[in-house]
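Using UniProt numbering, you'd call the opening residue of the sequence shown number 1 and step up by one each time. What follows is a set of notes on a single structure, which appears directly below.
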Amino acid sequence: MSLAPGDLLMLTWRSLRGNPVRSLLTTLGTLMGVAAVSATLNVGDISRAVIARRLADQEAPQVTAIPEWMGGNDWVSLQQSDIAYLQQRLPQAAVVSGLKWDGPREALFRDRRARPSFVAVDTDYLRSSGNRLQAGRFFTSADLAAYRPVAVIDQMLAASLFQDTPAVGEQVYVNRQPFTVVGVIHRKVNPESTNRDGLLLVSLSFYSALTGDRGMDAVRVRPKQLDQIKPLEDQIKTLMQQRYGGHRFYTWNNVEEILQQQDMLKLTSRALAAVGAISLLVGGVGIANIMIAAVTERTSEIGIRRAIGATQQEILVQFVLEAVLLSSMGGLVAIASVHGLTLLVAQQFDLPYQFNPRTATVAMSSALLVGIGASLFPALRASRLDPVTALKE
1 MSLAPGDLLM
11 LTWRSLRGNP
21 VRSLLTTLGT
31 LMGVAAVSAT
41 LNVGDISRAV
51 IARRLADQEA
61 PQVTAIPEWM
71 GGNDWVSLQQ
81 SDIAYLQQRL
91 PQAAVVSGLK
101 WDGPREALFR
111 DRRARPSFVA
121 VDTDYLRSSG
131 NRLQAGRFFT
141 SADLAAYRPV
151 AVIDQMLAAS
161 LFQDTPAVGE
171 QVYVNRQPFT
181 VVGVIHRKVN
191 PESTNRDGLL
201 LVSLSFYSAL
211 TGDRGMDAVR
221 VRPKQLDQIK
231 PLEDQIKTLM
241 QQRYGGHRFY
251 TWNNVEEILQ
261 QQDMLKLTSR
271 ALAAVGAISL
281 LVGGVGIANI
291 MIAAVTERTS
301 EIGIRRAIGA
311 TQQEILVQFV
321 LEAVLLSSMG
331 GLVAIASVHG
341 LTLLVAQQFD
351 LPYQFNPRTA
361 TVAMSSALLV
371 GIGASLFPAL
381 RASRLDPVTA
391 LKE
């Protein structure tokens with residue numbers, strides 16, 4: 001006699017309730033394996049969020065190249081043509097810009113004074129740094145062509161020098177030279193390594209006209225993709241040393257530490273993934289053992305059911321369904337428990353964490369796959385029992 005799906009489900013549930021110890025052990029095996037997988041996936045999610053937060057808290061990924069001083073008069077001054085040279089040879093570069101550092105300079109506005117870093121830049125500085133414009137505008141090609149005495153300052157200098165006064169349109173004096181502030185940028189800075197008086201930018205063309213120095217101290221290159229930054233750094237050093245007859249260049253990128261942390265977190269995630277896979281395998285073996293024992297214990301029951309009309313498929317489905325139900329319960333408890341624990345740890349250590357449905361789906365899928373895979377052999381064995389032999393047990 002064939003059973004309706006609802007009746008088969010009820011029969012399966014009663015069978016599980018009839019042997020709570022076996023059901024609990026099977027559920028625990030799945031729970032531990034899925035908990036390890038879920039924890040591994042959560043660690044991966046948090047790791048990626050930590051890296052993303054650290055990248056968001058600083059300027060855009062970029063490579064800076066400066067010529068090394070070889071002693072005596074052996075010094076190289078970079079030129080505007082170097083920017084075009086690199087742009088033509090670096091297809092993986094999003095933008096190339098040049099800059100000239102001139103150290104801290106005293107800036108005056110009315111009766112207020114500050115000593116910001118004084119830097120001459122080109123029109124691509126904003127794109128290469130990844131900073132955003134907070135007020136006004138940035139330098140234009142017209143500013144550079146006309147040698148206009150205009151300046152762009154950051155939010156730190158605006159706060160210390162102008163306080164509540166809007167900075168755009170006001171004049172700042174540096175070494176008695178007036179500069180009209182045309183823009184304010186919001187700069188992502190590290191307070192421990194940054195001039196607290198902020199930053200004052202002028203155009204490279206006006207700086208050259210003012211000082212007679214037409215050279216640049218450094219070129220800065222922003223990659224199109226973060227994972228291109230290390231090979232890009234090596235290529236920039238090679239190109240610049242070739243261009244300047246073997247003169248050594250010093251290059252660095254501003255995300256080296258973050259990339260090292262990312263690599264370490266990837267290795268940790270892989271190690272945890274291996275632990276999770278082993279836990280799932282152990283859980284699957286446990287489920288298979290328990291299901292084989294269940295088949296042996298219930299041989300007479302299987303024989304009676306077959307004698308009154310149960311098909312091999314129904315016996316197979318019942319045993320697989322038992323494993324699926326127990327695996328699902330174990331998986332749900334594991335996902336909920338790991339989520340709660342992860343949330344507590346994230347709050348305690350100020351880690352970025354949000355429930356990820358994709359992570360839960362992967363963890364739950366692993367529970368179901370283990371449950372079905374581990375129960376398939378015992379279920380096939382049960383469905384193939386000869387009714388007459390089973391009734392004699």
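Just so you know, even glycine gets a beta-carbon here, dropped at the ideal spot from N, CA and C. Remember, it's a predicted structure, so these values are computed and weren't measured experimentally.
Taking the beta carbon of residue i as the centre, do at least 16 other beta carbons fall within 10 Å, making it buried, or is it exposed?
i, result
"residue 401", "In the structure displayed, the chain extends from 1 to 393; residue 401 sits before or after that span and is not available."
"residue 267", "exposed"
"residue 278", "exposed"
"residue 1", "Bear in mind that a pLDDT of 46 at residue 1, under 50, signals an unreliable position, so the model cannot answer this."
"residue 355", "exposed"
"residue 224", "exposed"
"residue 183", "buried"
"residue 219", "buried"
"residue 77", "exposed"
"residue 222", "buried"
"residue 175", "exposed"
"residue 81", "exposed"
"residue 377", "exposed"
What does a CB cutoff of less than 8 Å around residue i pick up in its chain, not counting 5 residues either side in sequence?
i, result
"residue 328", "364, 367, 368 and 371"
"residue 417", "This structure leaves residue 417 out entirely; the chain is present only between 1 and 393."
"residue 173", "107, 108, 109 and 179"
With residue i as the anchor, note down where its alpha helix (DSSP H) starts and where it stops.
i, result
"residue 345", "312–348"
"residue 209", "204–211"
"residue 290", "256–297"
"residue 158", "No alpha helix (DSSP H) contains residue 158, which DSSP labels as neither H nor E."
Rounded to a whole number of angstroms, what is the C-alpha to C-alpha distance between residue i and residue j?
i, j, result
"residue 136", "residue 341", "47 Å"
"residue 55", "residue 61", "8 Å"
"residue 169", "residue 209", "22 Å"
"residue 381", "residue 295", "8 Å"
"residue 350", "residue 150", "42 Å"
"residue 316", "residue 226", "52 Å"
"residue 140", "residue 179", "15 Å"
"residue 261", "residue 255", "10 Å"
"residue 97", "residue 83", "6 Å"
"residue 282", "residue 52", "35 Å"
"residue 40", "residue 203", "50 Å"
"residue 158", "residue 102", "19 Å"
"residue 45", "residue 353", "7 Å"
"residue 217", "residue 118", "13 Å"
"residue 31", "residue 335", "9 Å"
"residue 112", "residue 161", "6 Å"
"residue 231", "residue 186", "30 Å"
Cutting at 6 Å between CB atoms, please list the residues of its own chain near residue i, excluding the five before and the five after it.
i, result
"residue 361", "none"
"residue 237", "249 and 251"
"residue 379", "316, 319 and 320"
"residue 198", "116, 154, 156 and 157"
Reducing DSSP to helix, strand and coil, say where residue i ends up.
i, result
"residue 374", "helix"
"residue 434", "This structure cannot speak to residue 434, because the chain is shown only from 1 to 393."
"residue 351", "coil"
"residue 83", "helix"
"residue 36", "helix"
"residue 223", "strand"
"residue 1", "The predicted position of residue 1 is uncertain, since its pLDDT is 46 and thus under 50; no value can be drawn from it."
"residue 163", "coil"
"residue 197", "coil"
"residue 361", "helix"
"residue 168", "coil"
"residue 385", "coil"
"residue 215", "coil"
"residue 434", "The shown model of the chain, from 1 to 393, leaves out residue 434, and the question about it has no answer."
Enumerate in chain order the residues of its own chain whose CB-to-CB distance from residue i is below 7 Å, with the five nearest sequence positions on each side excluded.
i, result
"residue 252", "64"
"residue 284", "370, 373 and 374"
"residue 57", "188"
List the endpoints of the continuous beta strand (DSSP E) containing residue i.
i, result
"residue 117", "117–121"
"residue 67", "63–67"
"residue 468", "Since the displayed the chain opens at 1 and closes at 393, residue 468 lies outside it and no answer follows."
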